[in-house]
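Take a look at the structure set out below.
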Amino acid sequence: MKFDHKRRVERIFDQGWNKGKFDGLEDLISDDATFHIRNQSIPTSASDLKQIVSQWH
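Numbering (this note's numbering), first residue to last: 57 to 113.
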């Protein structure tokens, strides 16, 4: 996965967290990636990120 794509997902997540919704974000998450969301030092796995996003729906 390209770094730019990971940053895009992280940015969309952070914006969505503030809005309370993640429009179409699940489709952008690649299964083999880890993400640094909400300025956390510990990366979040793709499966954990998908679970967080799905709980908001």
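Idealized CB from N, CA, C, for every residue including glycine.
Because the structure is a prediction, the values reported are computed rather than measured.
- For Phe91, the secondary structure class from DSSP, reduced to helix, strand or coil, is strand.
- Secondary structure of Ser101 (DSSP, three-state): strand.
- Glu82 has its alpha-carbon roughly 11 Å from the corresponding atom of Ile68.
- Of all alpha-carbon atoms in Lys77, His92 and Gln96, the one lying nearest the alpha-carbon of Phe59 is that of His92.
- Straight across, the Cα-Cα distance linking Pro99 with Thr90 is about 6 Å.
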